[in-house]
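So the structure is just underneath, and the comments pick up after that.
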Amino acid sequence: MKNKTNVLPREGEAQPSRCPDNTAFKQQRLPAWKPQLTIASVLSSFFLTGAFCLTVGVCLVLSANSVREIQIDYSDKCSDCSKLRENSSNWNKECHCSVNFTLKENILGDVFMYYGLQNFYQNHRRYVISRSDAQLLGRNVNIQRSYCAPFSTYRNGTPMAPCGAIANSIFNDTINLFYNHNSSVIQVPLLKTGNSWWTDKNVKFRNPESYNLSSAFAAGTARPPYWQKPVYLLDEEDERNNGYLNDDFIIWMRVSAFATFRNLYRRVRRVRHFTEGLPAGNYTFHISYNFPVTRFKGRKHVILSTVVWSGGSNPFLGIAYLVSGTAATLTGFVITGIHLKLRKKKTYFQRRCESCFICLQRSLH
Amino acid sequence: MADPIRWARYRWQRLIPTEGRECSSNNSSSKCYQLSKTTGKHRVVIPCLGHFKEEYEKLSKLYMNNKIRTTRYTLLTFLPRNLFEQFHRREKKYIDECWKNVNVGDFVRLSRNEIIPADMVLLYSSDPDGICYIETASLDGETNLKQRQVVRGYSEQVSEIDPEEFSSRIECESPNNDLSCFRGFVEHSNMDRVGLSKENLLLRGCTVRNTEAVVGIVVYAGHETKAMLNNSGPHYKRSKLERKVNTDILWCVLLLLLMCLTGAVGHGIWLSKYSEVPFFNIPGPDGKLSPPTLAGFYMFWTMIILLQVLIPVSLYVSIEIVKLGQIYLIQNDIDFYYEKTDSTIQCRALNIAEDLGQIQYIFSDKTGTLTENKMVFRRCTIAGQEYCHEENAKRLECYQEMDSKDEDSADCQCGSSAPTSKCQGNNWRAVCEPLNRKSMTQLSGRFSAFKRQEEAGDTSNSGHMAFSSPIETDVVPDTQLLEKFSQISFHSYQQSEKASSKSSLETMYIADFFLALAICNTVVVSGPSQTHQKVRLSSLSRMPIKSLEEIRQMFQRFSVWRLSSSPLPSVKESSSESPNSFVRKLSIFGMKLASPTLDGADERISEPHNTDSPENSQVPGEIHLVNVAAGGEPNHAVSSIELSPIPKLSYEAESPDEAALVHAARAYKCVLQSRTPDQVTVDFAGLGSLTFQLLHILPFDSLRKRMSVVVRHPVSNKVVVYTKGSDSVMMDLLRTASEVHTNNSEIEEKIKERTQHHLDDYARRGLRTLCIAKKVMSDAEYAEWLNHRFLAETSIDNREDLLLESAMRLETNLTLLGATGIEDHLQEGVPDTIQALRKAGIKIWMLTGDKRETAVNIAYACKLLEPKDKIFTLKSQSRDACALVMSKILEDIQDNTSVKKNRSEKLGNASASPSTQAQGFNSGLVIDGRTLEHVLHDSLQNIFLELTEKCRAVVCCQATPLQKSVLVKLVRSKLKAMTLAVGDGANDVSMIQVADTGVGISGQEGMQAVMASDFAISQFRHLRKLLLVHGHWCYTRLTNMVLYFFYKNVTYVNLLFWYQFFCGFSGTSMTDYWILILFNLLFTSVPPIIYGVLDKDVSAEILMELPQLYTMSQKSVAYLPSAFWITLLDAFYQSLVCFFVPYFTYCGSDIDIFSFGNPINTAALFIMLFHLLIECKSVTWIHTVVIVGSILFYFVFTLAIGATCKTHNPRSDFYWIMEKHMTDPVFYLVCLLTTCIALLPRYLIRVLQGTLFPSPVSRAKYLVRLSPEERRKEIKRWKDECNVNYRVKLQATSVPSS
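Protein chains in written order, with the working numbering: chain A, 1 to 365; chain B, 1 to 1298.
Have a look at this one:
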């Protein structure tokens, strides 16, 4: 187009001209980076990606392989217990069972004990919202306004503490681990606290303010229907692990993403025999069986595992990195091949264009 | 909000009704009431006086909802105002009223600059001639003043009309929306009827100008006013792309329903698997659980709420924003700026910018669109003798040179309505030639500054001086004709009336010819400084020149006044009172008024006089100039004074032709001095000032194609009819020899023959022709006709027909005086534009009202037709003949193409010889208006369209506005093509409205076309960039943005959908609701908008050079249905990756819902933004800022919500999750891997497309990187290729047809 900028410097700009400003933005002439897909940039991008992915993949796979994990399904091991629990009228009858297993080799380092549930849809929409965060913060709130229903109040109007379906369905098995060392049975020392997130324990969950817990809860509240003991008796030994601040409770309240999940239960305290971790040998789980799983066709596990920086024993991420790294590298090679083959024809780029253009035009008409 | 504008109305209030008149008015009222009841067609208006109160009450009920809020009273002003009004009431004065209270029959008195509140018949004007000037800018956008006349019979009143005395009845049409028509009559109490026309009607919304006070009676009020009835509400155009988007959104709805159905069924099945109620399935508040089927049904609706993001509601909002941005950029394109009119493109429709990229047909008007519509008087023939105005032609060349040299210098002559002498023309040339560039620039620079000052002082007038560029106003007379003209004197004229000698007859013809040019028009005369101030020449020109001293004083007064307001630095106060200085002042005066060139010359002359610089004397014509301008003789001074009022005149014409003719007449010293409704004053050189009594004006209409004035000639005192019109109709109306056997008849025959010959010649040269004829009537004849005319005027029903008939009766037996040829220049760059547009695959039709020869000539000139094209002319009288001709042409074309094909086959390979290939067979089609009527009949439409598809160009001449719009509609509906109509005049409005895209050219013929258009440009050549560059950009940008939006929504919604498979289809989302809502709204909405506004796939230069690229968007390559589905597939793939990589990573671990959702969300954000980066063709700093900003905003927001949100909503589990993830390496690794895998396929495809199978667009992109030299070569190669391709394509298409 013709350059139409004013040749004459106009004096007296009294009348604003309607001429648009000749700025780069308004004339759409902003300096732009036009991503050009040249062969060099394309190949380098593929090879760099490939190399990076392979490296990361190798690291991840190695670290995942270093994890030691043992998982024991005990849902059927105590068949009588599970039968007992099927009938909800037996809720206050105690049932104990024990599971033996053998560690072939030492599990070194910090050992974490998890309970695992299968087919428990903790992520159901209505289940997820059935809680009152305000109540768990120790506030005196009217929980009928929350989403806790139908687990909010009893018929006589006594509110449940804590309310809601999540709290009501808390995993209430008690698991103890015993080490059979030279025919003597040693209870493996387990840590009850420090398993939950720091923020949960210190910010999100608070007990109601009172001079002691039982008075805070006992007056005017009641335990949820499925619970065997009220909330202020969750851990009678440790005041700081009682009430809403109980670690097991806090962990349970963090609802899991999938129907099959595990929750951290205890950590092995590294004292005496267990300073290195768990030594190889025979072990026994003593379980007080309370949590029924047959109603939802679920399973219960107990898991002993170590942890590395990349999480647990799941090798997926490492493998995925390896696969995608390989794919990127291969693609890079293929493109190099095509390029080398076509480079012999000197102006393959233009030729291609022409034929393409003709084809395109033909197809259009 | 209270309306800040104060609407005022003055309403007559009667305090004491007069007893005596009551019964008679009562009679009339009852009568008219009956009348209006029985016919129902007419409206009867009776004055709004006290005793018609009942009727008013009935009427006022009609206007109940006509509410305009007023601020007439405030708490403070209520009391004083009310008292004031009561006082007025007592004094029988008009009182202020609100608009909403105006009723039919009210008397309304308005002052200057007030807005007319209702349609009313003008009864009184303070103007002695009974004229009122109104500005109709708010109705039609035209800013020149229109005259309105007081109803005949009332104009004689000296005093203001007294409403109490008004006893007449007005009968008029019922309310309608026709602005250009009003019919009715006033019936006085003595049963006399006076016709009413639109000339008597003041329309609501107009503004009263230059008239102190007017009084009218309201005939239509409120919603019944013509302005309101015309307001049919805005018409919405929806672009083709938007229509396609809508269908795709329907697909999205279908997809959504499918997904929701899956969810519902899944939930039902999942529930029915459990024999017992599990913990996690909570019963409702009443403790009951719904059965699986019912739960599934409920789940369906839950899913719809969860997944509704799939319906991209935000898409519509974003499209609007993007369009706004695109329009903003179009409006700010400096290439659309046209300096001469200081105008740039106006986008009046905001929502169809992308249609510009898909135009297949352009329908163009000729006059004012392809041509400049600057009518230049080129030639004339009088009495069979041709005067070819060679000098004028030279002058025009000079102008064109000037134009091309320096656009600004053209400005400097603006308003130089030169004095009417030949020497003035010479003056001009004398100035024009010797001036070197430097002085020219100085001059023009100075002038432009000065001019701007003037404009600043009177902005409302700037740019409204239509048809007054120097090219049009300065006409250099033909020497031969001037000589003959100078022979005309009062005596010779009178002699010639009687005598019949050939020479005197010719003289008479010449005199009549120029009188006709000056009179036979509707030009309004006004002064230039106050354009809208009517010149009252009675006080100025007819003033007897008593003494030089008086005049000198007068002009000194003038010039002092002028100087005091003049900002010119160059003006020096002269110390002496010599005649010389007087003249100089005088000329400054003249310059200030109109002519800067004169001033420039004058200054240059007066300066050398003082300094005696030798070089100036070399300038030819300079001395002559000095003599003229600086001559000291009093006699001479008087003559310049005589001239000086003339430049004050400026003509405001309805059409440029009229202005050109009046200016031409002025060049021959036949100057139209003033025009009032009753008389026209013409200053005729040989005869002195003549005042014609104006008896009638029969205005121009497209049916008659002529206009006439009936005047009483002051010399012969006879009634004379002057008619001018198109030659096709005029030749039939001439007096034939057989009818009247006078001695002149032979000569007349000869004149007619020769004139016809000249006319044909003019048409061949592309000139617009007009015939001028006259007729002398006896008083008896006139009286008879007048009677007939009067009947026609006062009838209401078939008034048009009757008026037409009466006009036909008048315009017969005419004597041909001569004919004029007016040239209309082609606009700059029209041929290039047309060629480029054609290369872009756009078919261009020219639809014009001009005659065939002119149209074809212009078509050749603008390369619409090319010399080697075969032109088929469609001209037939009957429909059958027309069909026959068309089928014959079709055969002909097919024969030709097959011959070509055979020849090329004989030549062997198609690509063997490109030179022979280029010899394509092209055909053009020319149709005239009468044939068009046959062609547009249903039975012939198909064959006609088939024919036009085979033709390269179609020219329709003598087409009426209706035919134009029907043609556009036909192509649009039958061929399903995207059409663009471009025009500048009122006759193009219907075509512009019908077309998909209407483009108005803001030219000389008012604003109607611009008001009706979607885009208003100032030059035809701007269409090239508008379509090729902005059309392409807008289209590709918007399609890419739309596709991206679909992709974005589908990807995000699918993430939620996949999760349903793992939560028992219970409708859980793994993301916090706030983030879910804001994800589309805040985090990912701005980048696509920026992408839609700013992305640039190919640079403007390349798009302009390679119009072929336009075909890409024309065929909507970017938005084929496949593109939509590929995008959707990609979206599905990406969402699968984005969900399942985190899923498999975290499955079986102790991850909670929101900790699982967080990496998915973050990865999705990265995927979407990087996807956009891959799609972006150019990344500017704005893109970078927006994308980085989006990412930062996301992190800031999630961190903030994670830190603060403990109990804000029931699912506050998002607490501290982002913070925790920020320290987790796995989170980063997951996001990284997900993003890489998701984007790999698209990246790979783009890579392969860019290097191995480049599209033309990417190839054009490649061109940008080349050096200019290489690029030129490349483009040339490409163009050659395209020719080959075109040929290949042609052959391919012709194979099945033959």
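Note that CB positions come from ideal geometry on N, CA and C, so glycine has one too.
field: Residue-level contact to chain A via CB, residue 1018 of chain B, 8 Å cutoff
entry: no
field: Three-state secondary structure (DSSP) of residue 179 of chain A
entry: strand
task: Could you tell me whether the Cβ of residue 353 of chain A comes closer than 8 Å to any Cβ of chain B?
output: A caution first: residue 353 of chain A carries a pLDDT of 44, below 50, which makes its placement in the model too unreliable to give a value.
query: What are the start and end residues of the beta strand (DSSP E) that includes residue 1225 of chain B?
result: Not the beta strand (DSSP E): residue 1225 of chain B falls in the alpha helix (DSSP H), residues 1225 to 1251.
query: What's the C-alpha gap between residue 569 of chain B and residue 341 of chain B?
result: In this prediction, residue 569 of chain B scores a pLDDT of 39, lower than 50, which makes its location untrustworthy; the coordinate-derived value is nonetheless stated afterwards. Computed Cα separation, rounded: 26 Å.
field: Partners in chain A for residue 276 of chain B, counting only beta-carbon separations shorter than 7 Å
entry: 295
- prompt: Are any of the Cβ atoms in chain A nearer than 8 Å to that of residue 1148 of chain B?
  reply: yes
- request: Could you have a look at residue 450 of chain B and say whether DSSP puts it in helix, strand or coil?
  value: Residue placement at residue 450 of chain B is flagged as unreliable, the pLDDT there being 41, under the threshold of 50; the coordinate-derived value follows with that caveat. It is helical.
- request: May I ask you to report which of helix, strand or coil DSSP gives residue 281 of chain A?
  value: strand
- request: Using a Cβ cut-off of 8 Å (strictly closer), state whether residue 1045 of chain B contacts chain A.
  value: no
message: Please list the terminal residues of the continuous alpha helix (DSSP H) segment that includes residue 160 of chain A.
response: Neither: residue 160 of chain A is in no alpha helix (DSSP H) and is coded neither H nor E.
field: Between the CA atoms of residue 189 of chain B and residue 1014 of chain B - distance to the nearest angstrom
entry: 51 Å
field: residue 183 of chain B versus residue 200 of chain B - alpha carbon distance
entry: 10 Å
message: Tell me the DSSP secondary structure of residue 631 of chain B in three-state form.
response: With a pLDDT of 36 at residue 631 of chain B, under the threshold of 50, the predicted position of this residue should be treated as unreliable, and no value is reported.
message: Give me, in chain order, the residues of the same chain whose beta-carbon lies closer than 8 Å to that of residue 837 of chain B; leave out the 5 immediate sequence neighbours on both sides.
response: 362, 844, 1023, 1024, 1027, 1028, 1107
- prompt: Which runs of the alpha helix (DSSP H), 4 residues or longer, sit entirely within the region 919 to 979 of chain B?
  reply: 929 to 935, 938 to 950, 961 to 974
- request: Determine the direct distance from the alpha carbon of residue 983 of chain B to that of residue 967 of chain B, and round the result to whole angstroms.
  value: 14 Å
- prompt: Looking only at DSSP bridge pairs, what is residue 816 of chain B linked to?
  reply: B:773
field: Beta-carbon neighbours of residue 130 of chain A, restricted to chain B and to distances below 8 Å
entry: 282
- prompt: At what residues does the beta strand (DSSP E) containing residue 112 of chain A begin and finish?
  reply: 112 to 118
query: Is residue 961 of chain B buried or exposed, if buried means 16 or more other CB atoms sit within 10 Å of its CB?
result: buried
message: Measuring straight from C-alpha to C-alpha, what distance separates residue 752 of chain B and residue 384 of chain B?
response: 7 Å
task: State the DSSP-derived secondary structure class of residue 171 of chain A, mapped to helix, strand or coil.
output: coil
message: Assuming residue 875 of chain B and residue 824 of chain B are in contact, meaning their beta carbons sit under 8 Å apart, how far apart are those beta carbons, in whole angstroms?
response: The Cβ separation is near 24 Å, so there is no contact.
query: Cα-Cα, which of B:713, B:660, B:1205, B:696 is closest to residue 682 of chain B?
result: B:713
- prompt: Sorted by chain position, which residues of the same chain lie with C-beta nearer than 6 Å to residue 118 of chain B's C-beta, five sequence neighbours on each side aside?
  reply: 102, 204, 218, 221, 225
- prompt: Hey, is residue 1301 of chain B's beta-carbon within less than 8 Å of any beta-carbon in chain A?
  reply: Past the edges of chain B, shown from 1 to 1298, lies residue 1301 of chain B, and the structure says nothing about it.
task: Tell me, please, whether the region 59 to 78 of chain A touches the region 325 to 341 of chain A by the rule of three or more beta-carbon pairs shorter than 8 Å.
output: no
- prompt: Should the region 203 to 218 of chain A be called in touch with the region 128 to 147 of chain A, which here means at least 3 C-beta pairs below 8 Å?
  reply: yes
task: Rounded to whole angstroms, what's the CA-CA distance from residue 1001 of chain B to residue 971 of chain B? Just pull it up for me.
output: 22 Å
Rounded distance between the beta-carbons of residue 705 of chain B and residue 771 of chain B, thought under 8 Å: Their Cβ separation, rounded to whole angstroms, is 10 Å, which puts residue 771 of chain B and residue 705 of chain B out of contact at 8 Å.
message: Under 8 Å, CB to CB, which of the residues in the region 277 to 301 of chain A have a partner in chain B?
response: 295, 296, 297
message: I need the boundaries of the beta strand (DSSP E) containing residue 256 of chain A, first residue and last residue.
response: Neither: residue 256 of chain A is in no beta strand (DSSP E) and is coded neither H nor E.
- prompt: Name the DSSP beta bridge partners of residue 100 of chain A, please?
  reply: A:284
field: Short-range partners of chain A found in the region 1057 to 1074 of chain B, where Cβ spacing is below 9 Å
entry: 1059, 1062, 1063, 1064, 1066, 1067, 1068, 1069, 1070
query: What are the boundary residues of the beta strand (DSSP E) that residue 1181 of chain B is part of?
result: Not the beta strand (DSSP E): residue 1181 of chain B falls in the alpha helix (DSSP H), residues 1181 to 1204.
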